[in-house]
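Visitor: In this note's numbering, the protein residues as written are 43 to 169. First, the structure itself, so that you have it in front of you.
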C-alpha cells in the first residue's frame, strides 16, 4: 500500500535491491532511464507524538500547513507502543533537491526518521 505505479528503488531508498550490473533483468532498461532523471519525491519515515494521522493525510513542508507548502501524503501510520510514538511512511516531494526534515500533518509537527522503525540502541533486547 505504500508504493504506487511510479515507485522506483531510488524513490523507495532501496537502490541496494536492484543490481544494475547484472546483464539482464526485466525492468533494467526502465531503471537505467529513470535513474538519469532528478528525484522529485521519496517514500520517507516520519515520527510524531500523539495519535496516528489517517492514511492519506496531507503533509506540508515545515510547520506552516500552508497550501503553498504542500509536500505529499501519508501512506501508512500507527502508534508504536514499543517506541512510544507514532511512526508513519509518507510520499514527500523534494524541495531544492532535499526532503524536508520537519513537516506538518493535521496541524501537528512530524520529524523525518530512518527506516525501518526499530530500537537502534537495542534497549528492548537487554530488558
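All C-beta atoms, glycine included, are put in the ideal place defined by N, C-alpha and C.
At which residues does the alpha helix (DSSP H) containing residue 132 begin and terminate?
Guide: Counting along the chain, residue 132 falls outside any alpha helix (DSSP H), though it belongs to the beta strand (DSSP E) covering 127–135.
Visitor: When DSSP labels each residue in this structure, what does residue 73 get in the three-state scheme?
Guide: The answer is helix: DSSP assigns residue 73 an H, G or I state.
Visitor: Under the rule that 16 or more other beta-carbon atoms within 10 Å means buried, what is residue 126, buried or exposed?
Guide: Exposed: under 16 other Cβ atoms inside 10 Å.
Visitor: Using a 10 Å radius around the Cβ and a threshold of 16 neighbouring Cβ atoms, would you call residue 75 buried or exposed?
Guide: Exposed, because fewer than 16 other Cβ atoms sit within 10 Å of the Cβ of residue 75.
Visitor: Using DSSP with H/G/I as helix, E/B as strand and the rest coil, what is residue 156?
Guide: The answer is coil: DSSP assigns residue 156 none of H, G, I, E or B.
Visitor: Which of the three DSSP states, helix, strand or coil, is assigned to residue 165?
Guide: Looking at residue 165 - three-state DSSP - the assignment turns out to be coil, as it is neither helix nor strand.
Visitor: When DSSP labels each residue in this structure, what does residue 113 get in the three-state scheme?
Guide: Reduced to three states, the DSSP call for residue 113 is strand.
Visitor: Less than 7 Å between C-beta atoms, sequence neighbours within five positions excluded: which residues of the same chain meet that for residue 103?
Guide: Closer than 7 Å at the Cβ level, and outside the excluded window around residue 103, lie 111, 113, 137, 142, 145.
Visitor: In angstroms, rounded to a whole number, what distance separates the CA positions of residue 90 and residue 101?
Guide: If you take the alpha carbons of residue 90 and residue 101, they lie about 13 Å apart.
Visitor: What whole-angstrom Cβ distance do residue 122 and residue 116 have, given they're in contact under 8 Å?
Guide: Going by Cβ atoms, the distance from residue 122 to residue 116 rounds to 15 Å, so no, they are not a contact pair.
Visitor: Report, in whole angstroms, the separation of the C-beta atoms of residue 155 and residue 88, which I expect to be a contact under 8 Å.
Guide: Yes, they are in contact, since the Cβ atoms of residue 155 and residue 88 sit about 6 Å apart, within 8 Å.
Visitor: Tell me which same chain residues have a C-beta within less than 7 Å of the C-beta of residue 97, skipping the five on either side of it?
Guide: Hits under 7 Å: 116, 117, 118, 119.
Visitor: Within this structure, are the beta carbons of residue 105 and residue 147 separated by less than 8 Å?
Guide: For residue 105 and residue 147, no; Cβs fall outside 8 Å.
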